[in-house]
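S.K.: In this note's numbering, the protein residues as written are 60 to 150.
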């Protein structure tokens, strides 16, 4: 019974992918026409379809961490500035 449910869900999902052109887009990758098969077919398909590679993800994570640190530094400077501004008002 559960086996049929899984197969039905698989079939429905396959129809969804076909209906929305995903199967055609993957087929256009032409992986089968490459003279030598790439070591990682998934990365090849991602790069062909414009998805980020694992290197891109690592670079973006690093940049995100740097920007978070910069935001923290600027927030601290702003608080310091606002604190000194308030000191001048009370004098």
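Ideal Cβ placement from N, Cα and C applies to all residues, glycine included.
Can you find the residues in the same chain that come closer than 7 Å, C-beta to C-beta, to residue 85, ignoring five residues on each side of it along the sequence?
M.R.: As a working mapping, residue 85 is identified with position 26 in the chain shown. Within the same chain, residue 85 has close Cβ partners 104.
S.K.: Roughly how many angstroms separate the alpha carbons of residue 99 and residue 67, rounded to a whole number?
M.R.: For the purposes of this step, residue 99 is taken as the residue at position 40 of the chain shown. For the purposes of this step, residue 67 is taken as the residue at position 8 of the chain shown. Answer to the nearest angstrom: the Cα atoms are 30 Å apart.
S.K.: Who are the near neighbours of residue 123 in its chain, counting only those whose CB is closer than 8 Å to its CB and skipping five residues on each side?
M.R.: For the purposes of this step, residue 123 is taken as residue 64 along the chain shown, with counting starting at 1. Same-chain partners within the cutoff: there are none.
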